[in-house]
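Beneath this line is the structure, given in structure tokens, with notes to follow.
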Amino acid sequence: MSILRFQGVTKIYRQGQVEVPALRGLDLSIQAGEFTALVGPSGSGKTTALNMAGALDIPTSGTVSLEGTDLAGLSKRALSHLRRDRIGFVFQAYNLIPVLTAYENAESVLALQGVALADRRQRVMALLDELGLAGMEDRRPDQLSGGQQQRVAIARAIASKPAIVLADEPTANVDSETSQRLLGLMQKLNEERGVTFLFSTHDDRVLAYARRVVKLVDGAVAEDSAA
Amino acid sequence: MRLISMAWRNVWRNSRRSMVTIAAMAFALWVMINYMGLVDGMIVGMEHDAVDLEVGDLQVVAQGYRDDPALDLVITDEGALLQGIDALGYQAAPRLLGGGLAAVDHDSAGVRLVGIDVARDARVTSIASRLNSGQWLDPDRPHDVVLGKRLARTLDAHVDDQLLVLSQGADGSIANDLYTIAGIMGGVGDAIDRSTVFMTAGAFRELMVLPQGVHQVTVRVPAGTDLDLAAARVTALDSGQAEHAIDVQTWRQILPTLATMLDSTRGLMGVVAFIVYIAIAILILNAMLMAVFERIRELGVMKAIGYGPLTVFGLILAESAMQTLVATGLGLVLALPSMWYLQNVGIDTGVLGGMSMMGMSFIHRWTGLYSVRGVQEPVFILWFMVGAAVLYPALKAARIRPIQAMRYQ
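Going down the list, the sequences are from chains X and Z. Note that our numbering numbers the first sequence so that position 77 is 77, with each residue one more than the last. Note that our numbering numbers the second sequence so that position 167 is 167, with each residue one more than the last.
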């Protein structure tokens, strides 16, 4: 079943009078349960594609649909709810809310969804435990290492059981050992929980973990290991 | 609940900036509470002085007396008038007014003679309380007089000195007599200070050969009484049988400039409050804009993961509200001792040397007058101004586009 689908997606940014194409007719389909890496050189359109997938940006032409819904047809409010309920985000710079503890960050999306306190406590504590963050739930982001912060970000992304988790260069800011552990963790979540991951990377070590690798060049798919 | 907790923690992320903002708001509140109390105190004090020391709430004279204050133009049936006013539940005291020349040794000056019914006058004015030296009039000592402060200085007169008064009686005869200066007033107002000689009504009648009638009846009404209504009631007491009809005016009609000045002072208070709070609003606007801009990436992430515009808007409002709440508490706590001091001790304005405003001597001790309204209004205005100032940063935060915010460096 296709969860995410790009059909002829182009995205052109304007820089003054100059038009800069970031995506040029991207066609891509992500199936449920996939663990897909978007690779490619800098400027190939990886981050732009993830922004489109995350309903953070709109295409210049073409359609991006999530679970069969064309994102272009949704209101801002509906897009906000879609991001909250159906998409998990893991950012390169972790982007945790600095005034919230690890636990509070991890449960923030659940709280926005209105999940009952007891339910979200049970879910989040179990998740933090699974991600090796037991005993760190009361720490603020500045009291956690980069790897620990990224694990909290992963917990936040998957706590609400989204349709897909989008991760933009999730290992870019951590050392190689931490990188391996994070990737192993995401792989485990994919295999055991069936979480669908789509992440961008330019780290060759990541490729060993990905079950599908899509290479973008100049805003279009150049290679797809699933093809 | 989570939003409140986040807002509180965000406030203390940049504790120095928050402290400065809170301190500025608390200081503004402290200034405005004390300022409004002092201005209210001044207004009430001056109004009280104007009414209590000389004019009364209402003044009754014979028709035409205000334009031509002739000695023989009197209210002739004052007995019935005073009884009628008493029956209305008001307090009234008659006064006899005349002019003449007064001398002490070789110094002389034109004077205004005021004959008073000592017992009744004590019920309508507190003029006796402004005595600076000596003693007030006593009906048992009919040759005692009390002089205004500046008149005494002009005549180089002192308590127990002899004062010669020369005038023309109602019958056209030369009126003259020698009196003992029993007391000298402190500062009251220009008219009293410069030229007034107080004497008993009996002494006045004898001096001026005026056995009947009074020139003026000063009326006090209970607090909160509508003055125009009271004036109409007193006017209705005119039987129409007397030689002259009566003319009743309120103190606001008699001292229109002072009344206008006191009214405009309230307006001025609003203008000053507005200026102070505008300055604070700019500070809040700046602080909250900085708070938004330095967290623009974070706010973008929040919106990306599902925080709605209203939630972000509410977060920024809550942060301001918390700072304002702390500032309100701090401002009120700081204001309490100063309010107590200004209300109970006040500011000694003796250094102003008897300065007068609109003919009234400036109040001797400037005390604050505090009421629930006097505290509520500065607090309400502070919250309103903060609310208005934070609207722009909050809207800006709410309208942040996640994709742009996350690229923000």
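Ideal placement from N, C-alpha and C gives every residue a C-beta, glycine not left out. This structure is a prediction, so every number in the text was calculated from the model and none was measured.
Counting only the Cα atoms, Z:Ser108 lies some 18 angstroms from Z:Gly183. Where Z:Gly115 is concerned, the enclosing beta strand (DSSP E) starts and stops at Asp107 to Ile116. Under the Cβ distance rule, Z:Ile4 does not count among the residues neighbouring chain X, no pair being separated by less than 7 angstroms.
Under the Cβ criterion (8 angstroms, minimum of three pairs), the stretch 181-201 of chain Z does not count as touching the stretch 219-227 of chain Z.
When the five nearest sequence neighbours on each side are left out, the beta carbons in the same chain lying within less than 6 angstroms of the beta carbon of X:Ala53 are those of Leu4 and Leu166, in order along the chain. The beta carbon of Z:Gly314 does not come within 7 angstroms of any beta carbon belonging to chain X, so the residue lies off that interface.
Here the C-alpha atom of Z:Ala321 lies approximately 17 angstroms from the C-alpha atom of Z:Ile278. Of the residues Z:Val55, Z:Pro211, Z:Ser239 and Z:Val248, the one whose Cα lies closest to the Cα of Z:Leu229 is Z:Val248. Of the residues assessed, Z:Ala389 falls on the buried side of the cut-off, its CB having 16 or more other CB atoms within 10 angstroms. Under the Cβ distance rule, X:Asp57 counts among the residues neighbouring chain Z, one pair being separated by less than 7 angstroms. Membership of X:Gly88 in the beta strand (DSSP E) is indicated by the continuous run Ile87 to Val90. About 45 angstroms separates the Cβ atoms of Z:Leu382 and Z:Val234, ruling out a contact at the 8 angstroms cut-off.
Under the Cβ criterion of 7 angstroms, X:Leu112 is counted among the residues facing chain Z. Taking the beta carbon of Z:Ile403 as reference, the chain X residues within 8 angstroms of it are Asn51, Leu56 and Asp57, listed in sequence order.
Counting only runs of 3+ residues, the beta strand (DSSP E) found wholly inside the stretch 204-283 of chain Z occupies 216-220 and 246-250, in chain order.
According to DSSP, X:Asp175 shares a beta bridge with no other residue. Within the same chain, no Cβ atom closer than 7 angstroms to the Cβ of X:Gly16 is found once the five residues on either side in sequence are excluded. By the CB criterion at 7 angstroms, Z:Val188 and Z:Val60 fall outside the cutoff. In the structure shown, the three-state DSSP call for Z:Ala175 is strand.
Distance between X:Ser176 and X:Phe91, taken at the CA atoms: about 17 angstroms.
Linking Z:Met32 to Z:Leu227 through their CA atoms gives a straight-line distance of about 31 angstroms.
Taking C-beta separations shorter than 7 angstroms and ignoring five residues to either side along the sequence, the partners of X:Val195 in its chain run Ile158, Val165 and Leu189, following chain order.
For Z:Asn10, the C-beta contacts it makes with chain X under 8 angstroms involve Val99, in order along the chain. For X:Ser80, a Cβ of chain Z is located within less than 7 angstroms of the residue's own Cβ.
The beta-carbon of Z:Ile296 is placed no less than 7 angstroms from the nearest beta-carbon of chain X. Three or more Cβ pairs closer than 8 angstroms define a contact, and the stretch 147-158 of chain X falls short of that threshold against the stretch 69-79 of chain X. Contact between Z:Ile246 and Z:Ile75 holds: their C-beta atoms lie close to 6 angstroms from each other, under 8 angstroms. For X:Asn95, the residues of chain Z that pass the 7 angstroms Cβ criterion are Val301, in the order they occur in the chain. In this structure, X:Met186 is the residue among X:Leu112, X:Leu82 and X:Met186 with its C-alpha nearest to the C-alpha of X:Leu127. Here DSSP, grouped into helix, strand and coil, assigns Z:Ser195 to helix. X:Ser179 is classed as buried because its beta carbon has at least 16 other beta carbons within 10 Å across all chains shown. X:Arg156 is the residue among X:Val214, X:Ala220 and X:Arg156 whose C-alpha sits nearest the C-alpha of X:Phe89. At a cut-off of 7 angstroms between beta carbons, X:Arg120 makes no contact with chain Z. With fewer than 16 other beta carbons inside 10 angstroms of its own, Z:Phe293 counts as exposed.
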